[in-house]
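Read top to bottom, the protein sequences are chains D and L. Position 10 of the first sequence, counted from 1, bears residue number 120 in the working numbering, the numbering being contiguous throughout. Position 67 of the second sequence, counted from 1, bears residue number 1298 in the working numbering, the numbering being contiguous throughout. Where is the CB? At the ideal position from N, CA and C, for every residue including glycine. Here the structure is laid out as structure tokens; the discussion comes afterwards.
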Amino acid sequence: MTKIFDPTAAPVARAVALAARPVELRGLRLGLVENTKFNSDTLLLKLADRLRERHGITMTHMARKRSPSHEVDERAIAALKERSDVVVSGIGD
Amino acid sequence: MLAGGGLRGDEVFGEIPGRNTVVVADKVAINAVLAGCRPDYFPVVVAAVKALCHPDFAYHGPASSTGGSAIVLVVNGPIRHRVGLNAGNNLFGQGTRANATIGRAVRLTMMNVMQTRPGFFDRATLGNPGKYSFCFAENEEESPWPPLHVERGCRPEESAVTVYASNSLYQVYNQLAATPEPLLRCFADALSNLGLPNVKGFNQALLVFAGEHSEVLAKSGWSRREVAAFLIEHARRPLADFKRATRLPGEPTASDETTVRALFERPEDVLIVSAGGRAGSWSACLPGWGNKWTKAVTAVIEEGSA
């Protein structure tokens, strides 16, 4: 009998609890995640301006990643949770 | 293959953060068989895969980037001879099973296990041929310096593999240099071209000095650190150059003509290896991804388990 070996491995399924989506943006605090690429902060700050103008949402905190390669670290996540209601994670370049 | 590494199939080698990817021994072994490895090569593959999972390597960036990095494996220590890795003529080219298949096993593992498939989590604009396979050994016996793995904290009797992300390889030629300074100026120039991916100054590079160039450096008595320090001192350009090429924003000012930016910060960011054929005035420069976004990682190869 021939046995076939599969060289592939699927990602491991993990339960992720999603935050409740806000019904209304006005008055909420905005957090930004900047990935340190060229123009990432510029792009995100422009976006924050637009959100303020159009939806009355205020930027209160910007987290900087260690690098574009790295994940947002636990301390930055804790700060985002404490200081913001919604978060935009962006990329520049 | 698992027996070659003295491993159980369910042994976990590591995880890739952000991808929910767990790298398990049996899958790596299957990919090593697919690549054409002999079982005694497997400990090298295992050490390389573990190094890719190390947080300092920050796998996601170099594996996924549009820059299309090859994962370069530099092998040191006694295992080089035992498995027949090429450290001499044509070491980056075809013709040696160990070089070809160890590098290939790592790439297949990246594709099949670490989800690094083209168009999915591999977003390379061009890629490069080193993405098929890129593995070689250091020629420790004829090197002017201690082996790379010893430089990076291992014991000489240990075997180790250093994993390093590089988006290209270019050969640097100089047939007339008889002293380090003119020779290394060619490398400094190669390391500071305007098309360099990172102009912020925190680059990493791997330099492979081959026979005749190695000999010039050996005769000079320059240490690795002295070579790296010279390169850092000379791999720099005026800010105006970067601005004229729009690698930095803004018009060049008068002071930009005389304000220089160094492209490397620390000697340890310039990895230096001696390998390649004895004849010829060629060496190689492999620019990396920058010392803040990924770092080369050296992992000990568990030879006892083979």
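Measuring alpha carbon to alpha carbon, tell me which of the options ends up nearest residue i.
{"i": "residue 1352 of chain L", "options": "L/1296, L/1406, L/1313", "result": "L/1296"}
{"i": "residue 1362 of chain L", "options": "L/1507, L/1268, L/1301, L/1239", "result": "L/1301"}
{"i": "residue 1323 of chain L", "options": "L/1525, L/1401, L/1308", "result": "L/1401"}
{"i": "residue 157 of chain D", "options": "D/114, D/113, D/198, D/115", "result": "D/198"}
{"i": "residue 146 of chain D", "options": "L/1268, L/1292, L/1420", "result": "L/1292"}
{"i": "residue 1459 of chain L", "options": "L/1451, L/1261, L/1499, L/1423", "result": "L/1499"}
{"i": "residue 119 of chain D", "options": "L/1516, L/1260, L/1467", "result": "L/1260"}
{"i": "residue 1398 of chain L", "options": "L/1371, L/1298, L/1268, L/1521", "result": "L/1298"}
{"i": "residue 178 of chain D", "options": "L/1442, L/1523, L/1420", "result": "L/1523"}
{"i": "residue 1184 of chain L", "options": "L/1486, L/1449, L/1494", "result": "Any question about residue 1184 of chain L goes unanswered here, given that chain L covers just 1232 to 1537."}
{"i": "residue 1450 of chain L", "options": "L/1440, L/1527, L/1375, L/1488", "result": "L/1375"}
{"i": "residue 176 of chain D", "options": "L/1525, L/1532, L/1534, L/1533", "result": "L/1525"}
{"i": "residue 172 of chain D", "options": "D/137, D/136, D/135, D/143", "result": "D/143"}
{"i": "residue 1496 of chain L", "options": "L/1423, L/1454, L/1405", "result": "L/1423"}
{"i": "residue 187 of chain D", "options": "D/150, D/159, D/141, D/151", "result": "D/141"}
{"i": "residue 1457 of chain L", "options": "L/1501, L/1373, L/1372", "result": "L/1501"}
{"i": "residue 1440 of chain L", "options": "L/1490, L/1318, L/1266", "result": "L/1318"}
{"i": "residue 1418 of chain L", "options": "L/1516, L/1388, L/1452", "result": "L/1516"}
{"i": "residue 1320 of chain L", "options": "L/1533, L/1512, L/1534, L/1518", "result": "L/1512"}
Using a Cβ-Cβ cutoff of less than 6 Å, which residues in the same chain neighbour residue i once the five nearest sequence positions on both sides are dropped?
{"i": "residue 1366 of chain L", "result": "1304, 1330, 1333, 1334"}
{"i": "residue 1347 of chain L", "result": "1294, 1341, 1353"}
{"i": "residue 1207 of chain L", "result": "In this structure chain L extends from 1232 to 1537, so residue 1207 of chain L is not present and cannot be described."}
{"i": "residue 1234 of chain L", "result": "none"}
{"i": "residue 181 of chain D", "result": "none"}
{"i": "residue 1476 of chain L", "result": "1425"}
{"i": "residue 1455 of chain L", "result": "1376, 1503"}
{"i": "residue 1327 of chain L", "result": "1317"}
{"i": "residue 190 of chain D", "result": "141, 173, 197"}
{"i": "residue 1268 of chain L", "result": "1332, 1336"}
By Cβ distance below 7 Å, which residues in the same chain neighbour residue i in space, the five residues on each side in sequence not counted?
{"i": "residue 1479 of chain L", "result": "1430, 1470, 1473"}
{"i": "residue 1364 of chain L", "result": "1331, 1334, 1335, 1338"}
{"i": "residue 132 of chain D", "result": "138, 195, 196"}
Examine the ligand ATP and report whether any of its heavy atoms sits within less than 7 Å of the Cβ of residue i.
{"i": "residue 1342 of chain L", "result": "Ligands in the displayed structure: none, and consequently the ligand ATP is not present."}
When the Cα atoms are used, what is the spatial distance from residue i to residue j?
{"i": "residue 1514 of chain L", "j": "residue 1256 of chain L", "result": "36 Å"}
{"i": "residue 200 of chain D", "j": "residue 1390 of chain L", "result": "42 Å"}
{"i": "residue 1384 of chain L", "j": "residue 1393 of chain L", "result": "12 Å"}
{"i": "residue 130 of chain D", "j": "residue 168 of chain D", "result": "19 Å"}
{"i": "residue 1416 of chain L", "j": "residue 1492 of chain L", "result": "16 Å"}
{"i": "residue 1250 of chain L", "j": "residue 1530 of chain L", "result": "22 Å"}
{"i": "residue 1344 of chain L", "j": "residue 1277 of chain L", "result": "13 Å"}
{"i": "residue 1484 of chain L", "j": "residue 148 of chain D", "result": "21 Å"}
{"i": "residue 196 of chain D", "j": "residue 115 of chain D", "result": "45 Å"}
{"i": "residue 1539 of chain L", "j": "residue 111 of chain D", "result": "With chain L covering 1232 to 1537 only, the question about residue 1539 of chain L has no answer from this structure."}
{"i": "residue 1287 of chain L", "j": "residue 1244 of chain L", "result": "15 Å"}
{"i": "residue 1536 of chain L", "j": "residue 1357 of chain L", "result": "Legend: pLDDT at residue 1536 of chain L = 48, less than 50; position of this residue unreliable, value from coordinates given subsequently. Those two C-alpha atoms are separated by around 39 Å."}
{"i": "residue 1270 of chain L", "j": "residue 1232 of chain L", "result": "5 Å"}
{"i": "residue 1316 of chain L", "j": "residue 1272 of chain L", "result": "10 Å"}
{"i": "residue 1448 of chain L", "j": "residue 1464 of chain L", "result": "17 Å"}
{"i": "residue 153 of chain D", "j": "residue 174 of chain D", "result": "14 Å"}
{"i": "residue 1482 of chain L", "j": "residue 1488 of chain L", "result": "11 Å"}
{"i": "residue 1242 of chain L", "j": "residue 183 of chain D", "result": "27 Å"}
{"i": "residue 1404 of chain L", "j": "residue 1462 of chain L", "result": "16 Å"}
{"i": "residue 117 of chain D", "j": "residue 1290 of chain L", "result": "20 Å"}
Tell me which residues share the same chain as residue i and place their Cβ nearer than 8 Å to its Cβ, disregarding the 5 neighbours each side in the sequence.
{"i": "residue 1252 of chain L", "result": "1246, 1344, 1345, 1346"}
{"i": "residue 1520 of chain L", "result": "1292, 1293, 1296, 1298, 1300, 1396, 1397, 1398, 1428, 1429, 1435"}
Contact list for the stretch 144 to 166 of chain D against chain L, Cβ threshold 7 Å: none
Selection of the stretch 1348 to 1361 of chain L by Cβ proximity to chain D, strictly under 7 Å: none
Inter-stretch contact (C-beta, 8 Å, three-pair minimum) for the stretch 1235 to 1246 of chain L and the stretch 155 to 168 of chain D: no
Contact set between the stretch 165 to 188 of chain D and chain L, restricted to residues whose Cβ is under 9 Å from the partner: 176, 177, 178, 179, 180, 181
Touching by the beta-carbon criterion (3+ pairs, under 8 Å), the stretch 1498 to 1510 of chain L and the stretch 1276 to 1288 of chain L: no
Residues within the stretch 118 to 148 of chain D neighbouring chain L, beta-carbon criterion of under 9 Å: 118, 119, 120, 121, 122, 123, 124, 146, 148
Inter-stretch contact at 8 Å, needing at least 3 Cβ pairs: the stretch 1369 to 1382 of chain L / the stretch 1412 to 1429 of chain L: no
Segment contact, 8 Å Cβ cut-off, at least three pairs: the stretch 1310 to 1320 of chain L with the stretch 1404 to 1416 of chain L: no
Near-chain D residues of the stretch 1237 to 1251 of chain L - C-beta to any C-beta below 7 Å: 1248, 1249, 1250, 1251
Within 7 Å of chain D by C-beta, residues of the stretch 1511 to 1532 of chain L in sequence order: 1523, 1524, 1525
Interfacial residues, the stretch 1268 to 1283 of chain L to chain D, with Cβ spacing under 7 Å: none
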